[in-house]
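Asks: All the letters of the sequence shown, read from the start, carry residue numbers 309 to 457 under our numbering.
Using N, Cα and C, we set each Cβ at its ideal position, and we do this for glycine too.
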Amino acid sequence: MAMGLASSRRGSGRRSRRAPMAEINVTPFVDVMLVLLIIFMVTAPLLAVGVPIDLPDSRANPVEQTPEQVTVSIDGEGRIYIDDSPVEVGGFPEALAAIGSGADGQQRKIVLRGDRTLDYGRVMAVMGELNRAGFTSIELVTSGSVTPP
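What follows is the structure, given as structure tokens:
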């Protein structure tokens, strides 16, 4: 009888069942992560500064960006922006005083972006206020150009 029981167990198909799979299929996860990586790589340069400005051309070498830098932008109509926030008319000195120094006590680097259609005097007035507020390290941003002037 013992043999009959053993043979009936084999015949029931219990042995032929597959064991439950304990692995996770990571292929869809990798696909989603690669798509997100591509999306962030495309949108990251657009997030740097949100003020649309038509920059002048220059053959200058590119400068490194640091997290401590402050971007001052002047659009084609002469409005001033600090990073992405607009500054009230006449409120630029107070806005510069609110910027202060960096986390390590050193002076923050100022990056100035000005529209190519601006009057030279408007850009100089903004640079003069930056100097008066104590910011002496000012970098001017331009678009890249391949032809010499």
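Using the beta-carbon count (16 or more within 10 Å), is Thr379 buried or exposed?
Replies: buried
Asks: List the residues that DSSP assigns as beta-bridge partners of Pro394.
Replies: Paired residues: Tyr389.
Asks: Could you give the DSSP three-state label for Leu426: helix, strand or coil?
Replies: DSSP places Leu426 outside both helix and strand once states are collapsed to three, so it counts as coil.
Asks: Check whether the region 381–399 touches the region 340–353, counting contact only when three or more Cβ pairs, one atom from each stretch, lie closer than 8 Å.
Replies: no
Asks: Below 8 Å on the Cβ atoms is my guess for Glu372 versus Arg416; work out the distance and round it to an integer in Å.
Replies: The Cβ separation is near 15 Å, so there is no contact.
Asks: Taking its Cβ as the centre, do 16 or more other Cβ atoms sit within 10 Å of Ser381, making it buried, or is it exposed?
Replies: buried
Asks: Check Arg440 in the structure and name its three-state DSSP category.
Replies: Here Arg440 sits in helix by DSSP.
Asks: Going by the beta-carbon positions, is the gap between Ala406 and Ala441 smaller than 8 Å?
Replies: Contact flag unset, no.
Asks: By DSSP, does Ser445 sit in helix, in strand, or in coil?
Replies: coil
Asks: Using 8 Å for Cβ pairs, my map puts Ser451 next to Pro370. What's the rounded Cβ distance?
Replies: At roughly 11 Å, the Cβ-Cβ gap does not stay under 8 Å, so Ser451 and Pro370 are not in contact.
Asks: Could you tell me the alpha carbon to alpha carbon distance between Gly422 and Pro336, rounded to whole angstroms?
Replies: Each residue's alpha carbon lies about 45 Å from the other.
Asks: What is the DSSP secondary structure of Val380, counted as helix, strand or coil?
Replies: Three-state DSSP puts Val380 in a strand.
Asks: Going along the chain, which residues of its own chain have a beta-carbon closer than 7 Å to the beta-carbon of Arg430, five neighbours each way excluded?
Replies: Ile382 and Gly386
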